[in-house]
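Q: Got a structure for you, questions after.
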Amino acid sequence: MLTAGIDAGSLSTKVVILNQDKIMAYEVLATGIDIGAATKRAMDNVLEKAGISLQDVESIGSTGVGKKKVPYKSVQGTEVVCDTKGALYFYPKSNGVIDIGGENCRAIKFDAEGNIVDFALNDKCASGTGIFLDAMAKALRVKPEEMGELSLQSTEDIEVTSMCSVFAESEVVSMIHRKVPKNNILRGIHKSIASRVVGLANRILLEGNVIIIGGIAKNIGLVTTLNELMNSELTVPEKPEVVGALGAALLARERKE
Amino acid sequence: MGTLETMKDIFDNPNKIIEEWKKDGRKVVGHRCMYVPEEIIHAAGMLPYPTFGTPEPIKKADSYFQPCACEFVRNLFDLALDKKFGFLDSMVLCNTCDAVRHLYNMWDTYVDSVPCYMVNNPQKMYDESGFKFYRMELEKFKKLMEDLSGNKITDESLKKSIELYDETRKLLKELNDLRKRDIPAISGSEFLVTSMASMLMPKEKANPLLRKLIDEVKNREIKNADGPRILLTGSIIDNPTLIELVEDMGGVVAVDDLCTSAKYFWYTTKPNNDPMDAIVRFNLERTLCACAHPSEDRYDYLQELIREFNVDGIIYFNIKYCHPFVYESAIFRKKLEEEVPTLTLEVDHSLSGLGQLKTRVQAFIEML
Amino acid sequence: MITAGVDVGSLTGKTVILKDNEILAWNIIPTGPDSSETAKEVFDMTLKQAGLTMEDIEYIVSTGYGRVVVPFSNKNITEITCHAKGANWFFPSVRLILDMGGQDCKGIRCDDTGKVTNFAMNDKCAAGAGRSMEIMSGLLDTPLAEMGGLSLDIKNRLAPLSSTCVVFARTEVLGYLHEGTHKNDVLAGACEALADRVYTLLKRVGIEGDFVISGGIAKNIGVVKRIEQKVGLKANICFEPQIVGALGAAVFGRGILEKKTAKKK
Amino acid sequence: MATKVTTPGKKNLQTTLEIGKAIRAYYEGVKEAKSAGKPVIWSYGLVPREIFHAADAPVLYLEHLPLMIGAKQLSGRYIQLAEEEGFSRDVCAFHRCFLGCAVAKDRDPYLEKLFVSPDLIIASNLPCMSESKSFLYAADHHNCPYYFLDAPINTWGKDIPDYAIEYFAGQLQGAIDSMEEHGFKVDMDKLKESINLTKKMMGLWNEIDNCRKTVPTPMSTVDGITAAYPLIQLPGTQLGVTLFERLLEELKEKVEKKQGVIEDEKLRLMWFGVPPFYNMGLFNYVEKYGAVVVKSMVEYIAGGAFDPSKMDPKKPLESLAYKALVDIVNPTYPNMVDFIVKAVEEFKIDGLIGVVKRSCGLLPGYMRLVKDAVYKDKGIPTSIFDLDGLDIREYDDVTSKANLDSFVESLLASKRRQ
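Residue numbers (the numbering used here), protein chains in the order written: chain A, 1 to 257; chain B, 1 to 368; chain C, 1 to 265; chain D, 1 to 418.
And the structure:
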């Protein structure tokens, strides 16, 4: 039974093909201006990777802010439900999931049977985590993927205090002008994002085994800092950015049965 | 070590004072805002401890508060959650702004290590019926302090405490008056550290130190005092960094109407054979706090400061979301600017974004 | 008498060399990560252009975001004061100046000698006022220079961007784009929103007398037109609005030198 | 100003339409009084209205004005006007909006129909700092006299001590004296009579609430906010009583016929925080899931701790003082949080929605207290997210609806499991 899951985010679009219990293929690309076109492009790529055609797919699930603009007939689910299904698929024993996406982060707590108990969204003033990291990569002339490792080689703990990404940007720019070493600035940036995520998790008293998903979860620097600040056990799945799309596929399959 | 250095040492590590005071089992009562009478706490043999914040970013408090509450209060709550106020035997708040009311709600619910109490006070000054209301609240507060300390508060012990605290206020005012001269005897940042250290210390220790300091600096003249003379006002500033910033930019901080300086010592208690009534009138026959009414009084008080310290410019440092001062600076702006240029700045209590602040302060000083 | 002004902004570094009240040479380059490097680079370029060496310059004033880290300047003055002096040099009758750099947006009032009498800057939440254009340019992949013109050619209806918070404005723009709103209409919305912000700032400082716009924003015709319409005043813009700060700094240098030589006499 | 995609709330009760007419009629009356040269008062939401009705004084309520022009999506423009006067975006959107209206030179026609300049301002510090300070600017701008009522915060919980009631009663007497200095005549007998009428209205409102507690609920918050108007503006008047009597009749009928706001009512929600006045359609949005917003915090005045027996016509000022001080909105927390926990149980609520207005002074410290208390007591979840109920410039329809979807879906899922 082949199902597809689409996560049409405002910054990146992710599509996953699920075959029984294995992810056959997945595709991640920038949403850009037109959600419909981006989804279609991502779907075509993933079908090609999986070596199948659209007719072979029995059902399609969609989630994310652009789920209503997906050019296919699909079962629509909210991010909270799809993140939970996706996380439980990998780790049935987990207690919660934290989704750090480009624009917002979400913390979700579920009980032993996987029912959602509580969830919390970041305040508007603390949004823009992904965009903030990209802007910082540009300002520090560093490739986004390397930011994580570099932040771990810091010599001194400095504070990026402002919660709002616009103020934090001006704070970092002034640090650059003051010739603060790059790694220390990166450490400060990652600590400020990590403490925001921890604040979110504390709002719903999230503990135990927590899965970190979303595009930013691949940043080793952030996950390490989170481990320092949170006393719960954190795991990052292999392909953290497609867990939402996987959840949508699982949702579609459930509705089909 | 000169007295200024002693003050700086006490300001930097108040825990020394706490350890010394608690050595033989005496208690410490934390308080926040000016309507909690320190004299009553002192008369019961306990140390009134003004809870100041630290310029660190908020960690745990933002899981309880929405971030649109004043950062100073969130910082205090953060410290309370971290048990940094664990040495307090009780925390006493009063009825000033929304954020302090939230602090009472949050502390009472989530901080079980230190009990919290709220003194209810009127926000309308010079009102006889308000004196009656406040007197009833202070009687209850006095009883609470007696139960906490196990000592009886008599008229004599209260009168002695009032005298002691008035002495500190007179000395701080005398020291502050040394800044009226063309070349002030003490800089703004030095004065803030001294004033806060005196508020932290037991007054028995503070008064002799202040007398010694006044002698030391009587004919001292601070360096680079040729810049414009600035009056600082606005939300509470419990860290000299902001004042140093203004001084580095060439401004002379001649006077600061802050909760941690002038507001604490500007008035003294009027003689009165009923000490409780003296305390009631001391607190309610003045409009110093921006939450209180009539606010025209605060305008006249600022005019008095402008004249006495011949001020060239006013700077409002408003902590973000500090509603009392955000309203006051907007309401007074047109009237104040007829006499003296006024600059209103938004600051973070955790002192982030100082780069932009420097540009604004330097431009203001270049303008004067 | 030859003096120079170096304006190191968060986005661009500028230098102006002034010889007896005439502009001898000027340059603008993008600011690198190290602002003192940028200052040196743009200064040496301009020296070469004017055929002078460092010794020929009698007084150097630095201004802008990185003014304190310019190693070779004799004095640093804020960009607010310099923009007032510079605007006054170009248009002596000016009383109201709007300057929008990368970091902040400033409304300045000055007297007939170019001395600042009052100023207001954007509050923290609108801190990104200057940067919002840069972010919009990235989002809509339209070069900064073209944004103004396109924003005046509205296709069907201006897409209003209401929030002053830059982060939130991003989500609003993405929302419009995903609904297929034409790029020009979104650009028009962005310029209108910025003009609103600027108008609020100028109202706080008081709108009177001749009006000058300086800084990068003066090149965005879309914003300038909308500000003029709201403020009800024609905006005087000099041939290169981005060097007004550096020029003001150089003029200050001249004033300081004149005072020094007068005192010596 | 921002023309965002918004939909008006769908009302389903006849009486609420009548109450809407009564509101418009009231403001026309104020307009006529002003043009006839009679003095007009500006006052605030929680100043006891009975003292104005006892003097037949025309009053403009300064929270109600922004609410009404907010519903017409006009709030953005006036809020910007206040910011131009120098008021920061961190202070309450209601008060910025009202200040914008107060200083505006060319008002929209809709606002022009409501707006009159003041001859006397009666303000209080109940419940937050904006109430206590913003009127000073308006008084200065219109150079109009004002009287400030100092209401002590409620540090005592359910029973307010006599010395506090005596203090606030004294303040009310001061307000009455100030009114009489400025051309108003307060008829004390009428004031005493109004205490009975207020008591009756509170009784009727409790009965209306009981109807709303039945499953399915005959009335949702969309009607509730307009229906609460008499509580805020017409307490102590016969008109208020008749309007509530008619509303109660209509609701009783609906309860008998088991006629709910929606057919198969699956979820009962409660709203905590300022509702989106410019997009009341958001309440109807959740109805597609079979969810209805049964009650919101704005529809409570005095609230659960209020004990009608304490309203004594012989002592009108003391009664009004008691009612104001025991109100759930008067900080500090025990009253408000205990009351919400009780309401969640009585109204059989499945989920609480908490919205945060960034510029609010009163609520940023309550969200977590309410969320923990409701969860600890009844296991009912609360979802908290950003929504400025008045400043339309900050509204993001997609995110707000996504948040509601997520919360309602998780509630439905947990309900299916029970």
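All residues carry an ideal CB built from backbone N, CA and C; glycine is no exception.
In chain order, what residues of the same chain have a beta carbon less than 6 Å from the beta carbon of leucine 286 (chain A), not counting five sequence neighbours either side?
A: The first residue shown for chain A is 1 and the last is 257, placing residue 286 (chain A) beyond what the model contains.
Q: Can you tell me the Cα-Cα spacing of isoleucine 204 (chain A) and alanine 120 (chain A), whole angstroms?
A: 7 Å
Q: Under 8 Å between C-beta atoms, does arginine 170 (chain C) make it to chain D?
A: Not closer than 8 Å to any Cβ of chain D, the Cβ of arginine 170 (chain C) fails to qualify, so no.
Q: In the structure shown, what three-state DSSP assignment does glutamine 76 (chain A) receive?
A: strand
Q: Identify the contact partners of serine 130 (chain D) in chain B, using a Cβ-Cβ distance below 7 Å as the criterion.
A: Per Cβ cutoff of 7 Å: His323.
Q: Between the region 243–251 of chain D and the region 283–298 of chain D, can you find at least three pairs of beta-carbon atoms closer than 8 Å?
A: no
Q: When you compare the CB of serine 274 (chain C) with every CB in chain A, is at least one pair closer than 8 Å?
A: As displayed, chain C neither begins before 1 nor continues past 265, which places residue 274 (chain C) out of reach and without an answer.
Q: Measuring CB atoms only, is the region 146–166 of chain B touching the region 35–45 of chain B, in the sense that at least three cross pairs come out at less than 8 Å?
A: yes
Q: Kindly give me the distance between the Cβ atoms of leucine 222 (chain A) and histidine 190 (chain A), rounded to whole angstroms, as I take these residues to be in contact under 8 Å.
A: 5 Å
Q: Establish whether the CB of lysine 320 (chain B) and some CB of chain D are separated by less than 8 Å.
A: It does; some Cβ of chain D falls within 8 Å.
Q: Taking the runs of the beta strand (DSSP E) that are 3 residues or longer, which of them lie wholly in the region 219–273 of chain B?
A: 229–234 and 252–257
Q: Taking all protein chains shown into account, decide if isoleucine 183 (chain B) is buried (16 or more other Cβ within 10 angstroms of its Cβ) or exposed.
A: exposed
Q: Report the three-state DSSP secondary structure of tryptophan 21 (chain B) (helix, strand or coil).
A: The three-state secondary structure of tryptophan 21 (chain B), taken from DSSP, is helix.
Q: Consult DSSP for aspartate 391 (chain D) and reduce its assignment to one of helix, strand or coil.
A: Aspartate 391 (chain D) falls in the coil class under three-state DSSP.
Q: Is the region 132–151 of chain D in contact with the region 50–61 of chain D, if contact means three or more CB pairs nearer than 8 Å?
A: no
Q: Taking the beta strand (DSSP E) that histidine 349 (chain B) belongs to, which residues open and close that run?
A: For histidine 349 (chain B), no beta strand (DSSP E) segment is defined, and its DSSP state is neither H nor E.
Q: For a test of the three-state rule: what should DSSP assign to aspartate 386 (chain D), helix, strand or coil?
A: strand
Q: Taking the Cβ atom as the reference point for each residue, do isoleucine 243 (chain B) and leucine 232 (chain B) lie within a distance shorter than 8 Å?
A: yes
Q: Within 8 Å of any Cβ in chain A, is that where the Cβ of glycine 401 (chain B) sits?
A: Residue 401 (chain B) falls outside the range modelled here, since chain B spans only 1 to 368, and no answer is possible.
Q: Beta carbon of alanine 138 (chain D), beta carbon of leucine 390 (chain D): below 8 Å?
A: no
Q: Once the 5 residues before and after leucine 126 (chain D) are set aside, which same chain residues still bring their CB inside 7 Å of it?
A: Excluding positions up to five away in sequence, the list reads Leu46, Ala151, Ala324 and Asn330.
Q: Count the C-beta pairs between the region 199–216 of chain C and the region 105–122 of chain C that are closer than 8 Å, then say yes if the count reaches three, no if not.
A: Proximity of the region 199–216 of chain C to the region 105–122 of chain C meets the contact definition, three or more beta-carbon pairs being nearer than 8 Å.
Q: Of the residues C:Gly232, C:Val251 and C:Gln229, which one's Cα is nearest the Cα of alanine 87 (chain C)?
A: C:Val251
Q: Can you confirm whether proline 381 (chain D), when its beta carbon is compared against all beta carbons of chain A, has any partner nearer than 8 Å?
A: yes
Q: For the region 76–91 of chain D, enumerate the residues whose C-beta is nearer than 8 Å to any C-beta of chain B, in chain order.
A: Within the region 76–91 of chain D, the qualifying residues are Glu85, Gly86, Phe87, Ser88, Asp90 and Val91.
Q: Taking the alpha-carbon positions, what's the lysine 59 (chain B) to isoleucine 162 (chain B) distance?
A: 39 Å
Q: Would you decide whether proline 374 (chain B) is buried or exposed? Buried here means 16 or more other CB atoms lie within 10 Å of its CB.
A: It is not possible to answer for residue 374 (chain B), since the shown part of chain B is limited to 1 through 368.
Q: Check the Cβ of glutamine 103 (chain C) against every Cβ in chain B and list those closer than 9 Å, keeping chain order.
A: Neighbours of glutamine 103 (chain C) on chain B, chain order: Gly355, Gln356 and Thr359.
Q: Give me the subset of the region 157–184 of chain A whose CB atoms are less than 7 Å from a CB atom of chain B, sorted by chain position.
A: Per Cβ criterion, the list reads Glu159, Thr161, Ser162, Met163, Phe167, Ser170, Glu171 and Ser174.
Q: State yes or no: is the beta carbon of phenylalanine 132 (chain A) nearer than 8 Å to at least one beta carbon in chain D?
A: Phenylalanine 132 (chain A) does not count as touching chain D.
Q: By DSSP's criteria, proline 48 (chain B) is part of a beta bridge. Which residues make up the other side?
A: B:Val29
Q: Would you decide whether glycine 76 (chain D) is buried or exposed? Buried here means 16 or more other CB atoms lie within 10 Å of its CB.
A: buried
Q: With distance defined between alpha-carbon atoms, name the residue in A:Lys68, A:Asn115, A:Val46 and A:Phe132 nearest to arginine 170 (chain C).
A: A:Phe132
Q: Using a Cβ cut-off of 8 Å (strictly closer), state whether isoleucine 331 (chain B) contacts chain D.
A: yes
Q: Please decide whether leucine 177 (chain C) counts as near chain A, where near means a Cβ-Cβ distance under 8 Å.
A: yes
Q: Alpha carbon to alpha carbon, how far is lysine 263 (chain B) from valine 255 (chain B)?
A: 11 Å
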